[in-house]
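Numbering-wise (the working numbering), the sequence shown opens with residue 80 and increments by one. Below is one structure, written out as structure tokens; the observations come after it.
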Amino acid sequence: MGQQGFYQLYAWRNPQATNALSSASEVHSGVGISAYQAINKSWALFSRLGVSTAGVVSFDRTWTVGGELNGRNWQRANDRIGLAVGRLHASDDYVRAGRGSGAETNAELYYAWHLNDHLQLAPNLQHINRPAGVSDSQSITVLGLRTTASF
């Protein structure tokens with residue numbers, strides 16, 4: 080499309096992870112793909128998919144999709160406002176143990192405020208439906224602040 084974007088395949092391995100059911104130490108690993116694609120000078124779309132391949136985890140499959148608008152239209156080209164939605168699927172081990180019964184869904188609205196070349200603040204509003212994958216759990220709404228410092 081003639082616009083900037085990036086696509087990443089990745090894998091992770093944590094040899095000192097904790098079993099989600101027994102608290103025993105074990106190896107966790109997985110794979111994923113992440114994509115970010117500008118569709119014009121103002122808008123971009125992103126997505127991520129991850130799958131656990133080893134270890135007893137609470138959630139073994141996740142996906143996220145979203146979009147963001149940069150601040151070009153309000154003279155803050157390095158700022159961004161975005162909306163993302165994601166889903167975490169409870170692992171079979173987690174469901175069999177009675178800890179969860181399905182999936183957790185998350186939504187996040189954020190504003191990334193670029194203060195200078197070294198500091199960014201990103202206030203956000205997050206909504207979590209079915210926390211921990213428990214079908215009768217009450218939804219949670221959280222205000223947050225993410226910071227990024229680079230040196």
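Each residue gets a CB set at the ideal place from its N, CA and C atoms; glycine is no exception.
Among the candidates the options, whose CA atom is the shortest distance from the CA of residue i?
i    : options                : result
R178 : L124, A99, A90         : A99
R175 : V136, G129, T97, L88   : V136
A201 : A182, L222, T141, S218 : L222
Y190 : G150, A114, I219       : G150
Just the Cα atoms here: how many angstroms apart are residue i and residue j?
i    : j    : result
H193 : N208 : 30 Å
H206 : G161 : 14 Å
G145 : S216 : 25 Å
Q154 : E187 : 24 Å
Q87  : N203 : 25 Å
F125 : T143 : 8 Å
Give a yes or no on whether the C-beta atoms belonging to residue i and residue j are separated by under 8 Å.
i    : j    : result
S240 : T132 : For residue 240 there is no data in the structure shown, the boundaries of the chain being 80 and 230.
V110 : N93  : no
Excluding sequence positions up to five away, which residues of its chain have a Cβ less than 6 Å from the Cβ of residue i?
i    : result
V213 : G179
E236 : Nothing about residue 236 can be read from this structure; the chain reaches only from 80 to 230.
D139 : S131, S170
R225 : A201
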